[in-house]
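J.:
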Amino acid sequence: MRGDGVVSAARGLAPDTAFTLDDFRVRAAQRLHATAPDPDDPETVVVGERDLLPPDRVPRAAAVLVGVVTREEPQLLFTQRAAGLPVHAGQISFPGGKRDPEDASPLATALREAQEEVGLDAALVRPLGYLDLYITNSGFAIVGVVAEIAPTYALTLSPGEVADAFEVPLGFLMQEENHSVEMREWGGGLRKVHHMPWRERHIWGVTAGVLRNLYDRLYAE
4 MRGDGVVSAA RGLAPDTAFT LDDFRVRAAQ RLHATAPDPD DPETVVVGER
54 DLLPPDRVPR AAAVLVGVVT REEPQLLFTQ RAAGLPVHAG QISFPGGKRD
104 PEDASPLATA LREAQEEVGL DAALVRPLGY LDLYITNSGF AIVGVVAEIA
154 PTYALTLSPG EVADAFEVPL GFLMQEENHS VEMREWGGGL RKVHHMPWRE
204 RHIWGVTAGV LRNLYDRLYA E
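Under my numbering, the first residue of the sequence shown carries the number 4, and numbering increases by one thereafter.
#1: So R102 is in the beta strand (DSSP E); what residue range does that whole segment cover?
#2: Work out the CA separation of D59 and L24 for me, nearest whole Å.
#3: Going straight from the alpha carbon of D219 to that of V48, what length do you get?
#4: Measuring straight from C-alpha to C-alpha, what distance separates R215 and E105?
#5: Once the 5 residues before and after E185 are set aside, which same chain residues still bring their CB inside 6 Å of it?
#6: For K101, which option in P154, A113, F175, T159 has the closest C-alpha, if you only look at C-alpha atoms?
#7: Suppose you measure from the CA of P200 to the CA of V165; what does that come to, to the nearest Å?
#8: Could you pull out every residue in the same chain whose Cβ sits closer than 8 Å to the Cβ of G87, ignoring the five residues on either side in sequence?
#9: Could you tell me the distance, in whole angstroms, from the CA atom of D41 to the CA atom of S141?
#10: In the DSSP assignment, find the unbroken beta strand (DSSP E) run with Y137 in it and report its ends.
#11: Using 10 angstroms around the beta-carbon of G8, count the other beta-carbons present and answer buried if the total reaches 16, otherwise exposed.
#12: What beta strand (DSSP E) runs, 3 residues minimum, are completely inside the stretch 41-79?
#13: What is the rounded straight-line gap between the Cα of I138 and the Cα of I145?
#14: Determine whether the beta carbon atoms of A256 and V121 lie at a separation below 9 Å.
#15: Distance check for A66 and E179, CA to CA, integer angstroms please.
#16: In three-state DSSP terms, what is G87?
#17: Buried or exposed, going by whether 16 or more other CB atoms sit within 10 Å of the CB of G93?
#18: Can you pull the DSSP bridge partners for G226?
#19: So the alpha helix (DSSP H) A157 belongs to, where does it begin and stop?
#20: Closer than 9 Å, CB to CB, is V71 near chain B or not?
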């Protein structure tokens, strides 16, 4: 981060030929949903923690931007939530949040939240498709919007919401040996919690669950 509060895009590491940008684009075109999942459609594929919610609870609509920075070695863009937030303080997440009434679509929600949280210019974002609908134990129905982000981006973080922004190589996160799972008791049941540590960062919970869905759709054979 520069002294003016702007975060410049970090350089990626040496390319991993197993996870090239061209290969990612082919997989995304073939395996992502072309339209956003509809929570009211019984045919919609649902993942996550729906079974931990009361049957009569209707999850609230939300969206996150699963942004792949188009470097020679593709990178995923993450934020670290501010320490003073009342919920999930300090945790790692994708840019995103609750759908506002004026949002025309999950894509609109993801782009608006990314602009509000980190100042990401929507003109530098190219949507590719959608993940499965991810239901959280806290009652959100999250649409993962997978998109490319031009590597020329620069960010201005919202200090009350975001403490940091950083990139992690797609190739690291899409290797199953870098994933782990633990089972935790939750509301009389068991909750599957995903973990994906990266250097000093600890990606876990819903964010890691969304990443696992990205892996399942694009790279699991």
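No residue lacks a Cβ here, since even glycine has one placed at the ideal position from N, Cα and C. This one's a predicted model, so the numbers in the text were calculated from it and none came from an experiment.
T.: In brief:
#1: Within the sequence shown, numbered from 1, the residue matching residue 102 stands at position 99. Careful: R102 lies outside any beta strand (DSSP E) and carries neither H nor E.
#2: Here the question's residue 24 lines up with position 21 in the sequence shown. Here the question's residue 59 lines up with position 56 in the sequence shown. Going by the C-alpha atoms only, they are around 42 Å apart.
#3: Position 216 of the sequence shown, counting from 1, holds the residue named residue 219. Position 45 of the sequence shown, counting from 1, holds the residue named residue 48. For the pair D219 and V48, the Cα-to-Cα distance works out to about 13 Å.
#4: Counting from 1 along the sequence shown, the entry for residue 215 is found at position 212. Counting from 1 along the sequence shown, the entry for residue 105 is found at position 102. Rounded to whole angstroms, the gap between the alpha carbons of R215 and E105 is 30 Å.
#5: As a position in the sequence shown, residue 185 is number 182, starting the count at 1. V196.
#6: Looking up residue 101 in the sequence shown gives position 98. Selected option, being the one with the closest Cα: A113.
#7: What you label residue 200 is simply residue 197 of the sequence shown in a count that begins at 1. What you label residue 165 is simply residue 162 of the sequence shown in a count that begins at 1. Distance from the CA of P200 to the CA of V165, rounded to the nearest whole angstrom, comes to 20 Å.
#8: Numbered from its first residue, the sequence shown carries residue 87 at position 84. Within the same chain, Cβ atoms closer than 8 Å to the Cβ of G87 are found at G163, the five residues on either side in sequence being excluded.
#9: Position 38 of the sequence shown holds residue 41. Position 138 of the sequence shown holds residue 141. Here the alpha carbons of S141 and D41 stand approximately 19 Å from one another.
#10: As a working note, residue 137 is residue 134 in the sequence shown. From DSSP, the beta strand (DSSP E) with Y137 extends over 136-138.
#11: Locating residue 8 in the sequence shown gives position 5, where the first residue counts as 1. Because G8 sits at a pLDDT of 40, beneath the cut-off of 50, its placement in the model cannot be relied upon, and the following sentence gives the value as read from the coordinates. G8 is exposed by the Cβ-count criterion.
#12: As far as the stretch 41-79 is concerned, its whole beta strand (DSSP E) runs of at least 3 residues are 49-51, 63-72.
#13: On the sequence shown, residue 138 is found 135 positions in, with the first residue counted as 1. On the sequence shown, residue 145 is found 142 positions in, with the first residue counted as 1. The straight-line gap separating the alpha-carbon atoms of I138 and I145 is approximately 6 Å.
#14: In the structure as shown, the chain begins at 4 and stops at 224. Residue 256 is therefore absent and cannot be evaluated.
#15: Within the sequence shown, the letter at position 176 stands for residue 179. Within the sequence shown, the letter at position 63 stands for residue 66. Approximately 25 Å, taken between the alpha carbons.
#16: One-based indexing of the sequence shown puts residue 87 at position 84. In this structure, G87 counts as coil in the three-state DSSP scheme.
#17: Sequence index remark: in the sequence shown, residue 93 carries index 90 (1-based). Label assigned to G93: exposed.
#18: Nothing about residue 226 can be read from this structure; the chain reaches only from 4 to 224.
#19: Walking along the sequence shown from the start, residue 157 turns up at place 154. Looking at the DSSP string, A157 is not in any alpha helix (DSSP H); the run it does join, the beta strand (DSSP E), is 157-159.
#20: Absent here is chain B; the protein component of the structure consists of one chain.
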